[in-house]
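For what it's worth, the working numbering labels the leading residue of the sequence shown as 1, then goes sequentially.
Where is the CB? At the ideal position from N, CA and C, for every residue including glycine.
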Amino acid sequence: MSLNIILGAGLAFSILISAHPASAVRLEDRVKDAFTTPPITVENSNDPIINPMDIQLIRPFNYSSYNAYEKSFTLDPDNGEDADVWIQNNSTNTIYAKLTVGNLSPIDIPIKKGTQKTTRIGVIGTTNVKVYIYSSTGHKMDMNISARQF
């Protein structure tokens with residue numbers, strides 16, 4: 001008989017909890033939030049700031065030298081479907097970025113003094129990327145650079 005009482009009390013308690021308005025509202029709010037929350041978007045692709053969920057391929061830093069800048073990294077499709085390489089030219093003259101993605105021909109990107117450029121790369125498979133930045137006049141380069149995958 002005590003087993004029947006315990007089972008009956010447990011059943012009554014579970015019915016009371018599931019019928020409680022607070023639990024129904026919370027479930028309703030969760031369902032509503034799932035349909036009204038906007039997808040994640042990149043607001044400013046020229047922004048060098050790395051978001052917490054991004055993979056940092058080149059940490060944001062300033063490079064100042066007469067020598068060319070060279071950096072290589074590997075894109076992994078498990079880390080996201082896009083990658084950005086951001087370069088800001090603080091030099092007194094134009095600098096040039098040569099971007100090589102996998103076995104494709106390098107892309108030459110001129111960056112005039114006082115400007116910035118973001119190059120977006122679509123990630124299809126595991127791919128090696130090489131960034132080579134130089135001055136065609138021999139002037140001292142002063143630039144900020146960062147790269148991220150998201």
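Counting only runs of 4+ residues, no alpha helix (DSSP H) is found wholly inside the region 55 to 86. In the DSSP assignment, no residue is bridged to Thr137. With contacts defined by Cβ atoms closer than 8 Å, Thr119 and Val85 form a contacting pair. The criterion of a C-beta distance shorter than 8 Å is not satisfied by Gly102 and Gln149.
Take Asn128, set aside five residues on each side of it, and the residues of its chain with a beta-carbon closer than 6 Å to its own are Thr74, in chain order. In the DSSP assignment, Ile95 falls within the unbroken beta strand (DSSP E) covering Ile95 to Val101.
Within the same chain, and ignoring the five residues on either side of Thr137 in sequence, the residues whose Cβ sits closer than 7 Å to its Cβ are Asn93.
In the three-state reduction of the DSSP assignment, Lys112 falls in the coil class, being assigned neither a helical nor a strand state.
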